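In what follows, a structure is listed as structure tokens, so that the remarks can point back to it.
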Amino acid sequence: MTKKKRTKNIHHKAFSDISVLGFFAQENSMQMHRLLLADTVRTESFRKAIFSRIKKGDIVLDLGCGTGVLSLFACQAGAKRVYALECEKSTMEFARSISRNNGWHNKIHFINQISKNVTLPEPVDVVVSECIPWMMYAGDMISSVLDARDRMLRKGGKVIPEKITLFGAPIADHNIHEYMGYFENGKHYDLDFSLGQHGPINNVYIAALPRDSIAAAPQFLDVADLTSGYPSEHLDVQVEFPFETKKAIHGLGLWFDVDLGNGVRFSTSPRHKTTAWKQVFLSCGSNELMVSKGDVLQLHLQLTRAQ
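To convert a position in the sequence shown, counted from 1, into the numbering used here, add 239.
The structure is reproduced here in structure tokens:
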């Protein structure tokens, strides 16, 4: 069989407008923090890393402390002092109450500021941050970690996590395709809503993709080294996905693996336990992309910050 090639370009520009629709339920602030706390993959991994990397007497910066759980872990691990930065005041006050209720309020110094506007009175031994956005790029979370590392971390200090690696794979899932095509698939209430189809097709979705929806071997897309590198906030990558079986492709799935250091890692892949991040889904359009065994999908993916 002659190997055929089918090319599909997906170009999404808007990172700040991640759409969370329908069964991709959107949480408000405290509901999101509850979701994060209940995510045992995320929380247990960070606790394990903090206990293995923070030494007695360390000065720690918890960047984007949220409910303060990582600050509390740092105290339990022996930190001398923790600077807990949180830009949302109501969340910070909740974290302060939690720290007082658990007896650690004398060690945790809460700061209600954007981190880039903060100068600490002393360098820290460890910067810990769970500020990991969907697709690694959304918002300015990564740049905030790099800024804190460069300005507040002492020479030879540690960053938790160390690396975030982005992966992608074609997705075959008729349920998500049906959901995406709601506007296009016939009339509703005896009315024609087909003009609304453009919006859903060209959006970015947060979804818990089924394990068996991965239609080809996942490919490496990018890596953010938080210990010494300066990751770009733009992605321009070309990858190929060979297919072993006939499939109807509905879009591209994106997820990341997190290396917290000292061998502590977790993945947000559909093939692992679902985390609070789930996965990102980009639709390839209204029509299914049919591929056969031996086909190779050439993907040119460009992700840029919305202006």
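We put the beta carbon where it would ideally sit given N, CA and C, even for glycine.
These figures come from a predicted structure and were not determined experimentally.
Asked: Glycine 492 and isoleucine 410 closer than 9 angstroms at C-beta; Found: yes
Asked: Residue span of the beta strand (DSSP E) that contains threonine 404, given as start and end; Found: 402 to 410
Asked: Three-state secondary structure assigned by DSSP to tyrosine 444; Found: strand
Asked: Whole-Å CB distance - aspartate 364 paired with lysine 397, under 8 angstroms assumed; Found: 7 angstroms
Asked: Beta-carbon gap between tyrosine 322 and isoleucine 298 smaller than 9 angstroms; Found: yes
Asked: Residues of its chain near lysine 486, where Cβ-Cβ distance is below 6 angstroms and the 5 sequence neighbours each way are ignored; Found: Ala411, Ala454 and Val530
Asked: For histidine 413, three-class secondary structure by DSSP; Found: helix
Asked: Under the three-state DSSP convention, the category aspartate 389 falls into; Found: helix
Asked: Option nearest isoleucine 293 by Cα separation, candidates Arg388, Leu465, Gly303 and Cys314; Found: Cys314
Asked: Exposure of threonine 358, with buried meaning 16 or more beta-carbon neighbours within 10 Å; Found: exposed
Asked: Beta carbon of serine 508 nearer than 9 angstroms to that of proline 457; Found: yes
Asked: Whole-angstrom distance between glutamate 369 and arginine 510, CA atom to CA atom; Found: 22 angstroms
Asked: Threonine 514 to leucine 460 span [Cα, whole Å]; Found: 20 angstroms
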